[in-house]
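Engineer: Per numbering that gives the first Met the number 0, the sequence shown starts with residue 0, numbered consecutively. Quick reminder that beta carbons are idealized off the backbone N, C-alpha and C, glycines included. As the structure is a computational prediction, the values presented were derived from the model and not from experiment.
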Amino acid sequence: MNDWNIQSRAHACSACERPFADKTPYHTALFEDREGLQRSDVCPECWEAQAQEDLRARKGFVSHWQGVYEAPPPVTEPLQKATAESLLRRLIELDDPKYIPAGYILAVMLERKRILKVKEELRRDGQRVFVYEHSGSGDVFTIVDPDLQLDQLDVVQREVSLLMEHGLNPPPAPEPAPETGPEAVADELEGDCAAVPEGRAT
Numbered sequence: 000m001n002d003w004n005i006q007s008r009a010h011a012c013s014a015c016e017r018p019f020a021d022k023t024p025y026h027t028a029l030f031e032d033r034e035g036l037q038r039s040d041v042c043p044e045c046w047e048a049q050a051q052e053d054l055r056a057r058k059g060f061v062s063h064w065q066g067v068y069e070a071p072p073p074v075t076e077p078l079q080k081a082t083a084e085s086l087l088r089r090l091i092e093l094d095d096p097k098y099i100p101a102g103y104i105l106a107v108m109l110e111r112k113r114i115l116k117v118k119e120e121l122r123r124d125g126q127r128v129f130v131y132e133h134s135g136s137g138d139v140f141t142i143v144d145p146d147l148q149l150d151q152l153d154v155v156q157r158e159v160s161l162l163m164e165h166g167l168n169p170p171p172a173p174e175p176a177p178e179t180g181p182e183a184v185a186d187e188l189e190g191d192c193a194a195v196p197e198g199r200a201t
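#1: Go ahead and label Thr141 buried or exposed: buried means 16 or more other beta carbons lie within 10 angstroms of its beta carbon, across all protein chains shown.
#2: Could you tell me which whole alpha helix (DSSP H) segments of length 4 or greater appear in the segment 64-136?
#3: Measuring alpha carbon to alpha carbon, tell me which residue in Arg111, Val128 and Arg113 is nearest Glu119.
#4: Kindly identify the DSSP beta-bridge partner or partners of His10.
#5: Quick check for students: name the residue ranges of the alpha helix (DSSP H) that lie wholly in the segment 145-174, counting only runs of 4 or more.
#6: Out of Ile104, Leu167, Leu115 and His165, state which residue places its alpha-carbon closest to the alpha-carbon of Tyr152.
#7: Are there 16 or more other CB atoms within 10 angstroms of the CB of Leu109, so buried, or fewer, so exposed?
#8: Span of the beta strand (DSSP E) holding Arg37?
#9: Which of the three DSSP states, helix, strand or coil, is assigned to Met0?
#10: Indicate whether Ser134 and Arg8 have their beta-carbon atoms separated by less than 8 Å.
#11: Tell me whether the beta-carbon of Asp53 lies closer than 8 Å to the beta-carbon of Cys12.
#12: Which of helix, strand or coil does DSSP assign to Ala28?
#13: Taking Val155 as the reference, give the member of Gln126, Ala101, Glu132 and Arg123 with the closest Cα.
#14: Roughly how many angstroms lie between the CA atoms of Leu36 and Val143, to the nearest whole one?
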């Protein structure tokens, strides 16, 4: 079973349904049920008045943190070449277990760039699962730790660099790549993965 997931931050309080204003704080509570991890976003007033006790007492309560709401940016033309974030979202959407190692490496890259922040570490079915929050959108990502060994990193890094360069449909016949191709991305990946926080599988 693939434990990957993305849950978007709500645009209104789940208790009073009042829309969040730009740059205002909110509280997020995380729960686990039969369908997986679920989130609830609440305004400070409701959190202090009642939601704090109700949510913490709710069955399956896992974690709580605070964030600052940012209004969605204007819609722009999509980038033609995949970024680490867009590729990670695409892999999670595919929900294919073969991409778990690549997704983990992408999450580490985004954590190093301070785009994703670890909010919780869980253990499910014998595997570590990291709960990330996007620093801008507030979206919550759950990423499985594939327990990569050092001798596996090079293969996964090259897979990620090819995915970022060519997307999910790489060219059929690989030829010696130019210095500005996947190898350039691989160099960045090596730098990111070399600095994975202590205690994280590398």
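Structural biologist: Reading off the structure:
#1: buried
#2: 83-93 and 99-111
#3: Val128
#4: The partner list for His10 (beta bridge, DSSP) is empty, contrary to what the question assumes.
#5: 149-165
#6: Residue identity differs from the one stated: residue 152 is Leu in this sequence, not Tyr. Of the listed residues, the one whose Cα sits closest to Leu152 is Ile104.
#7: buried
#8: The sequence given here places Gln at residue 37; Arg does not occur at that position. Counting along the chain, the beta strand (DSSP E) containing Gln37 begins and ends at Gly35 to Val41.
#9: In this prediction, Met0 has a pLDDT of 39, which is less than 50 and means its spatial position is unreliable; what the coordinates show is noted afterwards. It is coil, neither helix nor strand.
#10: no
#11: no
#12: strand
#13: Ala101
#14: 13 Å
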